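The end of the sequence shown is residue 780 by the numbering used here, with every number in the run present.
All C-beta atoms in this analysis are idealised placements derived from N, C-alpha and C, irrespective of residue type, glycine included.
Note that the coordinates shown come from a computational prediction; the quantities given were computed from them, not determined experimentally.
Here the structure is laid out as structure tokens; the discussion comes afterwards.
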Amino acid sequence: MQDEVSILVNTIEPYARDSLIDAHFERRSTGSPSSFPTTSGRYDFLTVCLLPTNDGQKLMIGTRTSNFLVTSSIRLDRQSVNIGPATIHFHPTTLTKIFLDCLSIELAKSSLDNTKINRVQFIPSLYQLKQ
């Protein structure tokens, strides 16, 4: 949320920063834009940014260990739905705020704290492949 502009993020794709863990990790080079937070901001080391790619601007939420590609979002202040990785209806700044669904956080925390759970959802490996 920023000023009168609000978006609801429907889906994100998580990516690790380590190439050994995730083949789709964000490749960083000197001088190129990155979602990697370099300074502590409103949410410590978390950044919200648009990254230019060959496919258009992509809205990313970056932490030091991972980043999240927003793949579906809806503008709440006007009729504008964005489906797919390119984001054209929102431009984050340092004033951008993030609000999280508390119930979803509690459900995730209880799953992580339960030592008897060894898998949250069974999905065949073939379905986990990314393009």
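In whole angstroms, give me the CA-to-CA distance for residue i and residue j.
{"i": "V658", "j": "N703", "result": "22 Å"}
{"i": "F739", "j": "S689", "result": "22 Å"}
{"i": "T679", "j": "I737", "result": "26 Å"}
{"i": "C751", "j": "S760", "result": "14 Å"}
{"i": "P741", "j": "R727", "result": "17 Å"}
{"i": "P701", "j": "P682", "result": "8 Å"}
Counting C-beta neighbours from all protein chains within 10 Å, is the total for residue i 16 or more, i.e. buried, or is it exposed?
{"i": "G705", "result": "exposed"}
{"i": "P663", "result": "exposed"}
{"i": "G711", "result": "buried"}
{"i": "L708", "result": "buried"}
{"i": "T696", "result": "buried"}
{"i": "T714", "result": "exposed"}
{"i": "L699", "result": "buried"}
Would you identify the three-state DSSP class for residue i, choosing helix, strand or coil?
{"i": "E755", "result": "helix"}
{"i": "S760", "result": "helix"}
{"i": "F717", "result": "strand"}
{"i": "R727", "result": "coil"}
{"i": "D667", "result": "coil"}
{"i": "G711", "result": "strand"}
{"i": "P701", "result": "strand"}
Legend entry - Given 8 Å, three or more beta-carbon pairs between the region 704 to 723 and the region 658 to 672: yes
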